[in-house]
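S.K.: Right, I'll just put the structure down here and ask away after.
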Amino acid sequence: MQRSLTSLFASLFLIALPRMAACAEPESFPTSISRYVAIDNVCAWPNLVTLRDGTIAAIIHNRPSHGGMEGEVECWASDDGALWERRGRPAPNDPHTVRMNVAAGLAKNGDLLVLCSGWTDLRQPERPKQPAFRDSILRSWVCRSSDSGRTWMQLKEFPAPDAGWTEHIPFGPIFVGDDGALHASCYGGEWLAPTVNFKTKGYTAWHFRSDDDGRTWQRTSLIGPKHNETSLFPLGGKRWLAAARIDAVELFRSDDDGATWQGPQRVTERNEINAHLLRLKDGRL
């Protein structure tokens, strides 16, 4: 009798097993990732901007070198991020220079903006010739396109650095704040021995602001005293975050549209750099 009951329970279990499996939660797998060679034979450092028509613009450095040869930045575009076409040249380089360091974003009127600096290979009068394309940092240009990156104009004016400091080096995104101003970040360094070489004592990151839709800019505040490449992010209202590079990534916060900053808060391990902040569809950063 016991053997019969055991066989009955075993049979019922085997009959119910497929139904139990069907009711179980399906196992989830990560979405597959497709990889493309988007733009070949370039160093790139892409800075991505979504245009108002949904097109993705990529502002890239167009040479296969870390700024060690003549080169410039280009604007490429894609509808879906897979296939790309070259559209224009935001900052054509002068002879013996390389244009490579950028901040990019949209103006209030929808124009595509690029702030661009770089390096020169021309010997500076105050010091001996330096390694290739490391003689001095170039003054930033304000580059603007009204046709989605196809044609560009350059305003070759930007705030001058303090005495004894390098030119300002733009980095990261440009955002329109709720205050109507444009916000960006730049960094620079104090020369260590300007009559000897191009080295600096370190770097400092600043907040920059434009009140005329990106035509002119002002340095408004210090973000990180020992930091360099910094990405801004608007939280809404007067609140901003800045993810700044040092030997890791550190966060700074502003509650007054970048006039003052609090921090830092270290958020990564050493050498986990750089950061770019974005908001997901569910609201998370």
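Quick note on numbering: the numbering used here labels position 232 of the sequence shown as 232, and the sequence is numbered without any gaps. Ideal Cβ positions, reconstructed from N, Cα and C, are used throughout, including at glycine.
Which residues does DSSP pair with Met-153 in a beta bridge?
M.R.: On the sequence shown, residue 153 is found 153 positions in, with the first residue counted as 1. Arg-144.
S.K.: Report back the beta-carbon spacing between Phe-198 and Asp-135 to the nearest angstrom; my notes put them in contact at under 8 Å.
M.R.: As a position in the sequence shown, residue 198 is number 198, starting the count at 1. As a position in the sequence shown, residue 135 is number 135, starting the count at 1. Yes, they are in contact, since the Cβ atoms of Phe-198 and Asp-135 sit about 7 Å apart, within 8 Å.
S.K.: Applying the criterion that 16 or more other CB atoms from any shown protein chain within 10 Å of the CB defines a buried residue, is Asp-257 buried or exposed?
M.R.: One-based indexing of the sequence shown puts residue 257 at position 257. By the neighbour-count rule (16 or more Cβ atoms within 10 Å), Asp-257 is buried.
S.K.: Do you know how far the Cα of Leu-83 is from the Cα of Ala-22?
M.R.: As a position in the sequence shown, residue 22 is number 22, starting the count at 1. As a position in the sequence shown, residue 83 is number 83, starting the count at 1. Bear in mind that a pLDDT of 47 at Ala-22, under 50, signals an unreliable position, so the number given afterwards is only what the model happens to contain. Distance between the alpha carbons of Ala-22 and Leu-83 is about 41 Å.
S.K.: Are there 16 or more other CB atoms within 10 angstroms of the CB of Ser-140, so buried, or fewer, so exposed?
M.R.: Here residue 140 is taken as the residue at index 140 of the sequence shown, counted from 1. Flag for Ser-140 reads buried.
S.K.: Near His-96, which residues of its chain fall below 8 Å by C-beta distance, leaving aside the five closest residues on each side in sequence?
M.R.: Residue 96 sits at position 96 when you count from the first residue of the sequence shown. Contacts found: Glu-70, Thr-120, Asp-121 and Leu-122.
S.K.: Enumerated in chain order, which unbroken segments of the beta strand (DSSP E) with a length of 3 residues or greater are wholly contained in the stretch 161-218?
M.R.: 169-176, 182-188 and 204-210
S.K.: Mapping DSSP to helix, strand and coil, what is Thr-268?
M.R.: Numbered from its first residue, the sequence shown carries residue 268 at position 268. Looking at Thr-268 - three-state DSSP - the assignment turns out to be coil, as it is neither helix nor strand.
S.K.: Please name the residue, chosen from Pro-90, Pro-173, Tyr-187 and His-183, that lies closest to Trp-162 on a Cα-to-Cα basis.
M.R.: Position 162 of the sequence shown, counted from the first residue, corresponds to residue 162. The sequence given here has Asp at residue 162, not Trp. Of Pro-90, Pro-173, Tyr-187 and His-183, the residue nearest in Cα terms is Tyr-187.
S.K.: Across which residues does DSSP place Pro-234 in a beta bridge pair?
M.R.: Within the sequence shown, the letter at position 234 stands for residue 234. BP columns for Pro-234 point to Trp-240.
S.K.: Do the stretch 210-222 and the stretch 237-251 meet, that is, are 3 or more Cβ pairs less than 8 Å apart?
M.R.: Remark: fewer than three beta-carbon pairs, one from each stretch, lie closer than 8 Å, so the stretch 210-222 and the stretch 237-251 are not flagged as touching.
S.K.: For Pro-46, which residues in the same chain have their Cβ closer than 6 Å to its Cβ, ignoring the five residues on either side in sequence?
M.R.: Residue numbering aside, residue 46 sits at position 46 when the sequence shown is read from its first letter. Counting only Cβ-Cβ distances below 6 Å, and skipping sequence neighbours, we find Ala-58 and Ile-60.
S.K.: Taking the Cβ atom as the reference point for each residue, do Pro-173 and Phe-208 lie within a distance shorter than 9 Å?
M.R.: Counting from one through the sequence shown, the residue named residue 173 turns up at place 173. Counting from one through the sequence shown, the residue named residue 208 turns up at place 208. No, the Cβ-Cβ distance between Pro-173 and Phe-208 is not below 9 Å.
S.K.: Measuring only between beta-carbons, confirm whether His-207 sits less than 9 Å from chain D.
M.R.: The chain labelled as chain D is not found in the depicted structure, where only one protein chain is given.
S.K.: Would you call Val-142 buried or exposed, if buried means 16 or more other Cβ atoms sit within 10 Å of its Cβ?
M.R.: Here the question's residue 142 lines up with position 142 in the sequence shown. With a threshold of 16 other beta carbon atoms within 10 Å, Val-142 meets it and is buried.
S.K.: Between Leu-155 and Leu-106, is the Cβ-Cβ spacing less than 9 Å?
M.R.: On the sequence shown, residue 155 is found 155 positions in, with the first residue counted as 1. On the sequence shown, residue 106 is found 106 positions in, with the first residue counted as 1. No; because the gap between Cβ atoms is not below 9 Å, this pair is not in contact.
S.K.: Buried or exposed: Glu-229, going by 16 or more other Cβ atoms within 10 Å of its Cβ?
M.R.: Along the sequence shown, read from residue 1 onward, the residue named residue 229 stands at position 229. So Glu-229 counts as buried.
S.K.: Just list the residues that DSSP pairs Asn-101 with in beta bridges.
M.R.: Taking the first residue of the sequence shown as 1, we reach residue 101 at position 101. Note: Asn-101 sits in a beta bridge opposite Ser-117.
S.K.: Taking only three categories from DSSP, how would you classify Ala-21?
M.R.: As a first step, residue 21 must be located in the sequence shown, where it is residue number 21. Low local confidence applies: a pLDDT of 46 at Ala-21 is under 50, so the model's placement there is unreliable, with the coordinate-based value given in what follows. Looking at Ala-21 - three-state DSSP - the assignment turns out to be helix.
S.K.: By Cβ distance below 7 Å, which residues in the same chain neighbour Ala-243 in space, the five residues on each side in sequence not counted?
M.R.: Within the sequence shown, the letter at position 243 stands for residue 243. Within the same chain, Ala-243 has close Cβ partners Thr-230, Ser-231, Val-249, Leu-251, Ala-275 and Leu-277.
S.K.: Output the boundary residues of the beta strand (DSSP E) element that contains Ser-254.
M.R.: Indexing the sequence shown from 1 puts residue 254 at position 254. Start and end: 249-254.
S.K.: Going by DSSP, what residue range makes up the beta strand (DSSP E) through Ile-273?
M.R.: Walking along the sequence shown from the start, residue 273 turns up at place 273. Looking at the DSSP string, Ile-273 is not in any beta strand (DSSP E), and its letter there is neither H nor E.
S.K.: Quick one: what does DSSP say Glu-229 is sitting in, helix, strand or coil?
M.R.: The residue given as residue 229 occupies position 229 in the sequence shown. Three-state DSSP puts Glu-229 in coil, outside helix and strand.
S.K.: Whole angstroms is fine: what's the gap from Arg-19's alpha carbon to Ser-32's?
M.R.: Residue 19 sits at position 19 when you count from the first residue of the sequence shown. Residue 32 sits at position 32 when you count from the first residue of the sequence shown. In this prediction, Arg-19 has a pLDDT of 48, which is less than 50 and means its spatial position is unreliable; nothing more can be read from the coordinates.
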